[in-house]
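Everything below concerns the one structure shown next.
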Amino acid sequence: MKLVGKKQQILDNIILLETYLVSGNPIEKEFAENLIEKGKTFIVYKVDGKNHFAPSRFLGYIDNSMSKHIVNEEKDGRDTNPVISKILGNSYLNKTIEDKYIDYCNESGFDVLNNKRKYWRISKADLEIDSSKLK
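Sequence positions in the sequence shown follow numbering that gives the first Met the number 0 and run 0 to 134.
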């Protein structure tokens, strides 16, 4: 699969991942939850004013989907992270954002694995998701 080259390609993948999270399809929902639980590098964005987190490993491929991601044997954050950094700037880590990730997982019922994580942020000006429009 081809790697993203524009911010809009990342935003499109975020919206799709959020759609999976609110999906009535349990397979799509479980797929999205597993990506978030196992992720190590995330893009942070707002849904209904609250921080949500999406893994670079899914977001870094053009026009990604559950079916494409599952069969993509080459998927790797070591490939996606540099292209996302070119688009969004360097990733970062601080206690505040790590605590927000843990809170998000706990509130959503996701497991929090003992991974070392890094983050990028998408501004509200670029993407503010209203969850009622995802359903």
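For glycine and all other residues, C-beta sits at the position ideal for the given N, C-alpha and C. Computed from a predicted model, the values in this text were never measured in an experiment.
### Task
Measure the C-alpha to C-alpha separation of S22 and G108 and round it to an integer number of angstroms.
Whole-angstrom Cα-Cα distance: 16 angstroms.
Practice item. Please specify which runs of the beta strand (DSSP E), each continuous and at least 3 residues long, are wholly inside the region 27-58, giving them in chain order. Key: Counting only runs of 3 or more, we get 40-46 and 49-54.
Anticipated Cβ contact below 8 angstroms, I35 with I83, distance rounded: So it is not a contact: roughly 16 angstroms between Cβ atoms.
ask   = Roughly how many angstroms separate the alpha carbons of I42 and E72, rounded to a whole number?
value = Each residue's alpha carbon lies about 22 angstroms from the other.
### Task
Check R116 in the structure and name its three-state DSSP category.
Coil at R116, not helix or strand.
* Asked: Among all the DSSP beta bridges, which residues are the ones paired with I128?
  -> Answer by DSSP bridge pairing, in chain order: V46.
Inset, instruction - Excluding the 5 residues preceding and the 5 following L16 in the sequence, name in chain order all residues of the same chain whose CB lies nearer than 8 angstroms to its CB. - result: A31, L34, A53, F57 and L58.
| Proximal residues to I86 (C-beta, below 8 angstroms), its chain only, five neighbours per side dropped | Contacts found: V3, G4, K5, K6 and I9.
Of the residues K117, D110 and T79, the one placed nearest I96, counting alpha carbons only
If we check each option's Cα against that of I96, K117 comes out closest.
### Task
Classify Y100 as buried or exposed, calling it buried when 16 or more other Cβ atoms lie within 10 Å of its own Cβ.
With 16 or more other Cβ atoms within 10 Å, it is buried.
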